[in-house]
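K.L.:
Using full-length UniProt numbering, the first residue of the sequence shown is number 1, and each one after it goes up by one.
Where a beta carbon is used, it is the ideal one built from N, C-alpha and C, also for glycine.
Since the structure is predicted, the reported quantities are computational estimates derived from the model, not experimental observations.
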Amino acid sequence: MVIAIAKYFGWPLDQLDVVTAFLYGIMKELVFCAVPEGVDLDGDFDCLELVKAIYGLKQASRVCDGRYGSWTRSLYEAEGGTSQTVGPERRPLEGEKEDSKVID
Numbered sequence: 001m002v003i004a005i006a007k008y009f010g011w012p013l014d015q016l017d018v019v020t021a022f023l024y025g026i027m028k029e030l031v032f033c034a035v036p037e038g039v040d041l042d043g044d045f046d047c048l049e050l051v052k053a054i055y056g057l058k059q060a061s062r063v064c065d066g067r068y069g070s071w072t073r074s075l076y077e078a079e080g081g082t083s084q085t086v087g088p089e090r091r092p093l094e095g096e097k098e099d100s101k102v103i104d
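The following block contains the structure:
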């Protein structure tokens, strides 16, 4: 669907492989997890501090967006965009007034 829309409007498409994006986010807040079964550590630990975001963590998507979202926004703004969102700015459809607002 996205490819068809991009083709229709003549938008350029790029592909990024971000399968491991959640694994590289650096945590800015303190998050602790229980020591997994079968892990032997020197000392008596009840929990461990997470330094990097891991897949399945509630904060992982926020951390990922913080790191990669700012990068993608900078790319868009470098091309002359001024929107706070990533992607092209919305243009009025045929027959739609320029100042009309879309309510989702």
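Less than 7 angstroms between the CB of residue 74 and some heavy atom of the ligand COA, yes or no?
P.N.:
With respect to small molecules bound, the structure shown includes none, and the ligand COA cannot be examined in it.
K.L.:
May I ask you to report which of helix, strand or coil DSSP gives residue 52?
P.N.:
Three-state DSSP puts residue 52 in a strand.
K.L.:
State yes or no: is the C-beta of residue 63 within less than 8 angstroms of the C-beta of residue 25?
P.N.:
Their beta carbons are under 8 angstroms apart, which means residue 63 touches residue 25 by this criterion.
K.L.:
Since residue 26 sits in a beta bridge, which residues does DSSP pair it with?
P.N.:
Looking at the DSSP assignment, residue 26 forms a beta bridge with 52.
K.L.:
Exposed or buried, residue 60, counting other C-beta atoms within 10 Å across all chains shown (16 or more means buried)?
P.N.:
Classification for residue 60: buried.
K.L.:
Is it buried or exposed for residue 104, if we count other Cβ within 10 angstroms and need 16 for buried?
P.N.:
Residue placement at residue 104 cannot be trusted, given a pLDDT of 40 that sits under 50; the coordinates are not used to answer.
K.L.:
Between which two residues does the beta strand (DSSP E) harbouring residue 32 extend?
P.N.:
It spans 32-34 - the beta strand (DSSP E) in which residue 32 sits, taken as one unbroken run.
K.L.:
Less than 7 angstroms between C-beta atoms, sequence neighbours within five positions excluded: which residues of the same chain meet that for residue 47?
P.N.:
Correct list, in chain order: 32, 33, 34, 35.
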